[in-house]
Amino acid sequence: MRKRGKWSFVVIATMLTLLFLVSISGCARPPAVVEPPEEEPAEEPEEEVEEVDERFGGHLVATKYQVQDELDPSITTATSTMRFMRSVFDTLVWMREPNDFVPGLATDWDHSDDYTVWTFYLRDDVVFHNGDPFDAESVAFTFERISDPETGSLRAAEVRTYSHSEVINDYTVALHFSEPNPRFLWTASSEGFAPLSPKAVEELGDDHILYPVGTGPFLVDEWKDARTYVLRRFEDYNWAPDFLGRQGPAYLETLTVRMIEEDSTRVGGLEAGELHYIDNVPADDIVPLQEMAGFEVIQFDQAGSGIYLPINVTAAPTDSLKVRQAILYAVSTDIINDLVHAGLRNPGRGPITSATWGYCECMDEMYLQDEEKARALLVEDGYAFNESTGYFEKDGKTLEIDIVTSSADAAGGESELVQAMCEAVGIKTNLLGTAYEVRAEMYANNEYNIARFGWSTVDTYFVFNTAWHSSQVDEGGQFNRSRVKDPHVDALIEEAGRITDQERLLEIYHELQRYIMENAFVIPASEFVGYDAMSDEVQGYEVDTRNQPYWYNVWMR
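Under this note's numbering, read the sequence shown as residues 459 to 1015, first letter to last.
(1) For S621, which option in D665, S648 and W576 has the closest C-alpha, if you only look at C-alpha atoms?
(2) So, helix, strand or coil for T521, using DSSP?
(3) Would you identify the three-state DSSP class for T475, choosing helix, strand or coil?
(4) Nearest CA to the CA of I908: which residue from S865, I859 and S929?
(5) What residues in its chain sit with their C-beta under 7 Å from that of S605, if we drop five residues either side in the sequence?
(6) Under 8 Å by Cβ, that's how I've got G764 and E555 pegged, so tell me the actual separation to the nearest angstrom.
(7) Could you name the residues that DSSP lists as bridge partners for E985?
(8) Considering only the beta carbon of each residue, do L427 and T539 sit closer than 9 Å?
(9) Thinking just about the alpha-carbon of each residue, which of M543, N738 and H666 is nearest to the one in A866?
(10) Leaving out five residues before and five after R452 in sequence, what residues of the same chain have Cβ atoms less than 6 Å from its Cβ?
(11) Look at the alpha carbon of P1007 and the alpha carbon of D679, and state the distance between them as a whole number of angstroms.
(12) For V491, collect the residues of the same chain with a Cβ closer than 8 Å to its Cβ; drop the 5 residues on either side in sequence, then sort them by chain order.
(13) Anyone know if the C-beta pair for R691 and T723 falls short of 9 Å?
(14) Excluding five sequence neighbours on each side, which residues of the same chain lie with their C-beta closer than 7 Å to the C-beta of K886?
(15) Identify whether P768 lies in helix, strand or coil by the three-state DSSP scheme.
(16) How about A784 and L835: do their beta carbons lie closer than 9 Å?
(17) Candidates D932, G884 and I974: which alpha carbon is nearest F922's?
(18) Note the first and the last residue of the continuous alpha helix (DSSP H) segment covering I966.
(19) Just to confirm, is the Cβ distance from F753 to E732 under 9 Å?
(20) Using the Cα positions of G998 and A708, report the straight-line distance between them to the nearest angstrom.
(21) In whole angstroms, give me the CA-to-CA distance for V987 and F920.
(22) For V837, count neighbouring Cβ atoms within 10 angstroms of its own Cβ and tell me buried if that reaches 16, exposed if not.
(23) In this structure, what does DSSP give as the bridge partners for H622?
(24) Does DSSP put A909 in a helix, a strand or coil?
(25) For A978, which residues from the same chain have a beta carbon less than 6 Å from its beta carbon, with the 5 sequence-adjacent residues on both sides left out?
(26) What residue from I810, D828 and T814 has the CA that sits closest to D971's CA?
(27) Span of the beta strand (DSSP E) holding W576?
(28) Does the distance from the C-beta atom of A925 to that of F937 stay below 9 Å?
(29) Among L668, F542, D665 and Y817, which has the Cα closest to the Cα of K522?
(30) So, with DSSP's three-state summary, where would you put W644?
(31) Three Cβ pairs or more, each shorter than 8 Å: is that satisfied between the stretch 625-640 and the stretch 576-589?
(32) Rounded to whole angstroms, what's the CA-CA distance from V597 to F701? Just pull it up for me.
(33) Do you know how far the Cα of A800 is from the Cα of W1009?
(34) Give the single residue among L889, K682 and A991 whose Cα lies nearest to the Cα of V745.
(35) Please state whether the Cβ-Cβ distance between I794 and G806 is less than 9 Å.
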């Protein structure tokens, strides 16, 4: 019998093991299928919500204390109108501080060596409110229109030496002058010389004074009535000067301007919430508003002429120097300041205010009230006092003068006190208070002895040129209401307009002030300190160097 080897046992054992494993696997359950864990649905990205700037969309109602039916800045010069038209029009350059100019509609500029040619390089991305492109032609058109006598612009005297415009290309224009004009940037920064749309002027015709078309952040939208107009945000505006800090349209949707002469109506409307901003706050209401919660009173010392009463040197009896001097000695501007302005202004002393560059302190002691001296001057001039009438007279005729002024001034203003003071020394005085249109015509027709004038500007030359140059007696705005045609005065003013020497300029301004007052051409009633007031709903309020608001950044809380 053969023996089995060890490999036989190994083979048999291996086979038995495999049979066992097969039997086990045949009886076992199939392995479980492991499902992947359910995934949570992915979060959908949140829709980005554009942040709404709360400053956009407000409606502000403001007042203008003077009633006027023309808004065209190339024609009118009313300061209260310009405070709103400043935002309807952009200027070639902006004046941040006196004599500090930055780009506006012009990105750059230069001048000839003799200052007779000024060249401006213009933006090429600006349009007027009617969609017309702003270009060199519109600049040339504007200056030609202002200087054309047919236009009747009250601004014409400011560019008396303007000769012509030269359009070099679509966005370059040269303005030529017959004499050196080193001060022209002062003029170019004024809204009175802001470019107009030639097409709008032509198509609107006489209506352009009501709906002037500019390039500013607001456009004249509608006149609700004869005393209310609405400025609406110009949605395409995107060329604000850099110093305003942003681009795009204005915050306010509308700015409604109501012309309200009555002081009490303006103040009452503000207190009642019907008005958000009022101008020319009367003296008696300044302190109460300052102390009242929810309101802010804004004070600004205004350079310029202040409020003064020009004395007509061409109409009897004020054509006499001694009569004019007697009137000045009869009047106390300190009393005017105390009684009319509650001591909140400085008394007037000369033809420009003490806040104006070039003011001469020599004005401070001239013509301090002296009633005896006033009477003595009248006696020197041949007048005798009539005890029975209480007035001076000459050749049987009573010494009598006419004051033509505003209705408000005639009822509690400077002129009413001047009347009382003249009467006190024996000068019969007739006081006529009228609407602006009526008295402007009387001034033009030389039907007065004493008028009224006030000019707010930081430009000293502009005051003298506008109110004292002989060209302003019969031409321009006829703002030389003293009707002075004096070669010495003209020569000084014209020299001031040509030179850049500041020391000589100061000498000229001092000489002009002395000469005007020595010849008693004017009664300096009061320096102009402005007081406006606004609700605390008004935010972002800021003014320029001429105290004109930048309505562009104003918004309603």
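No residue lacks a Cβ here, since even glycine has one placed at the ideal position from N, Cα and C.
In short, the structure shows the following:
(1) For S621, the nearest C-alpha among the options comes from W576.
(2) DSSP places T521 in strand when its eight states are reduced to three.
(3) Confidence is the limiting factor: at T475 the pLDDT is only 40, short of 50, which leaves the residue's position unreliable, though a coordinate-based value still follows. In the three-state reduction of the DSSP assignment, T475 falls in the helix class, which pools H, G and I.
(4) Comparing Cα-Cα distances from I908 to each of S865, I859 and S929, the minimum goes to I859.
(5) Excluding sequence positions up to five before and after S605, its CB lies within less than 7 Å of the CB of A614, V617 and Y620, all in the same chain and listed in chain order.
(6) Not quite, the Cβ-Cβ distance comes to about 21 Å (not below 8 Å), so this is no contact.
(7) The bridge partners DSSP lists for E985 come to none.
(8) Past the edges of the chain, shown from 459 to 1015, lies residue 427, and the structure says nothing about it.
(9) Ranking the options by Cα distance to A866, first place goes to N738.
(10) This structure cannot settle anything about residue 452, because the visible part of the chain is limited to 459 through 1015.
(11) Rounded to whole angstroms, P1007 to D679 spans 19 Å at the Cα level.
(12) For V491, the predicted model reports a pLDDT of 44, less than 50, meaning its position is unreliable; a value from the coordinates is still stated below. Nothing listed; no residue qualifies.
(13) Remark: C-beta atoms of R691 and T723 do not approach each other more closely than 9 Å.
(14) Excluding positions up to five away in sequence, the list reads Y849, T856, L857 and E858.
(15) Strand.
(16) For A784 and L835, yes; Cβs fall inside 9 Å.
(17) Nearest of D932, G884 and I974 to F922, Cα basis: I974.
(18) Under the DSSP assignment, I966 falls in the alpha helix (DSSP H) whose first and last residues are Q960 to E976.
(19) No, they are not a contact pair.
(20) Computed Cα separation, rounded: 12 Å.
(21) Straight-line Cα distance between these residues: approximately 19 Å.
(22) By the C-beta density criterion, V837 is exposed, having fewer than 16 other C-beta atoms within 10 angstroms.
(23) In DSSP, H622 forms a bridge with H634.
(24) Coil, per DSSP.
(25) Only residues of its own chain outside the window of five on either side were considered, and among them R782, Q783 and L786 have a CB closer than 6 Å to the CB of A978, listed in chain order.
(26) Reading off the sequence, residue 971 comes out as Gln, not Asp. Nearest C-alpha to Q971: I810.
(27) Going by DSSP, W576 is part of the beta strand (DSSP E) stretching over V575 to L580.
(28) Taking 9 Å as the cut-off, the beta carbon of A925 is found closer than this to the beta carbon of F937.
(29) Of all alpha-carbon atoms in L668, F542, D665 and Y817, the one lying nearest the alpha-carbon of K522 is that of F542.
(30) If DSSP states are grouped into helix, strand and coil, W644 belongs with the helices.
(31) Using a Cβ-Cβ distance cut-off of 8 Å, the stretch 625-640 and the stretch 576-589 are in contact, since at least three pairs of beta carbons, one from each stretch, lie closer than that value.
(32) One C-alpha to the other measures close to 23 Å.
(33) Approximately 30 Å, taken between the alpha carbons.
(34) Answer by Cα proximity: A991.
(35) Yes, these two residues count as a Cβ contact at 9 Å.
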